[in-house]
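Written below as structure tokens is the structure these notes are about.
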Amino acid sequence: MRLKKWLYTVEAMAGRPAEKEAPFFGKRLSAVRRSKGLTQQQLADKLGIKRSLIDYYETRSPNPALDFIERSAAALEVSVAELLGSEPNTSRARPGPASQLQRKFEQVKLLPRDKQKFVLQFLDTVLESNQQKA
1 MRLKKWLYTV
11 EAMAGRPAEK
21 EAPFFGKRLS
31 AVRRSKGLTQ
41 QQLADKLGIK
51 RSLIDYYETR
61 SPNPALDFIE
71 RSAAALEVSV
81 AELLGSEPNT
91 SRARPGPASQ
101 LQRKFEQVKL
111 LPRDKQKFVL
121 QFLDTVLESN
131 QQKA
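Each residue of the sequence shown is one higher than the one before, counting from 1 in our numbering.
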């Protein structure tokens with residue numbers, strides 16, 4: 001009996017997948033966070049909490065506090081309704097590199113016109129080079 005308990009502990013430490021499905025809010029929080037191109041750590045930093053708490057809400061917490069929901073929605077720049085899934089996401093943001101690219105373009109918009117023109121010329125050159133290779 002003691003050996004079986006020890007084996008279970010070793011399996012758990014090895015990253016055994018969770019047996020329960022993530023709660024609805026956790027799935028929504030994870031999906032919206034990823035669509036914004038944020039890691040759990042980045043969202044935690046925005047909220048001033050530990051990353052492990054974000055993981056807890058995404059994977060295990062069935063009933064998050066209203067305050068956490070409101071603060072998370074504000075940090076993710078979405079409405080509470082969208083975060084809860086009762087309002088469709090119309091932003092069409094994609095996870096990962098696309099969101100990073102969108103943030104870079106927002107930064108480029110703030111540059112003076114001559115620098116914006118330089119960035120566009122550089123992008124054109126890269127895109128043309130890529131088309132020639134294909």
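We treat Cβ as the ideally placed atom computed from N, Cα and C, and that holds for glycine.
On a predicted model such as this, the values are computed, not experimentally measured, just so you know.
The residues Gly26, Leu29, Ser30, in chain order, have a CB closer than 6 Å to that of Glu58 in the same chain once the five nearest residues on each side in sequence are set aside. In the three-state DSSP reduction, Leu84 falls in the helix class (H, G or I). Between the alpha carbons of Ser35 and Gly48 lies a gap of roughly 20 Å. Taking the Cα positions, Val108 is about 22 Å away from Ser129. Using a Cβ distance threshold of 7 Å, Gln40 and Ile54 count as a contacting pair. For Ala75, the CB contacts under 8 Å within the same chain, skipping 5 residues up- and downstream, are Leu43, Lys46, Leu47 in chain order. If you draw a 10 Å sphere on the C-beta of Ser79, you find fewer than 16 other C-beta atoms in it, and that means exposed.
Ala73 is positioned such that its CB atom lies closer than 7 Å to that of Leu83.
In the three-state DSSP reduction, Glu77 falls in the coil class, being neither helix nor strand.
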